[in-house]
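K.L.:
Dumping the structure here so I can ask a few things about it.
In my numbering, the protein residues as written are 46 to 109.
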């Protein structure tokens, strides 16, 4: 059972959730798609956000 960090809803299927990398503790937590969408609509972009995670993954791929 996986839990969304923002809305605390539990999901059976991890397809609904997006892993977000926490830079400070170097682990992953999950945020559901609705929370990700609402956060991006509000323009909230902290360094632990989904967007930052995707950027860092792209950056890692590019420099191999």
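All residues carry an ideal CB built from backbone N, CA and C; glycine is no exception.
1. Roughly how far, in whole angstroms, is the beta-carbon of residue 49 from the beta-carbon of residue 62, given that I think they are within contact range, below 8 Å?
2. Count the other C-beta atoms from every protein chain shown that fall within 10 angstroms of the C-beta of residue 76, then say buried if there are 16 or more, exposed otherwise.
3. What residues are listed by DSSP as bridge partners for residue 63?
4. Using C-beta distances below 8 Å, list every residue in its chain close to residue 54, excluding the 5 sequence neighbours before and after it, in chain order.
5. Mind checking if residue 49 is an interface residue toward chain B, Cβ cutoff 8 Å exclusive?
P.N.:
Here's the rundown:
1. 6 Å
2. buried
3. Paired residue(s): 76.
4. 48 and 77
5. Although the question refers to chain B, the structure presented lacks it and comprises just one protein chain.
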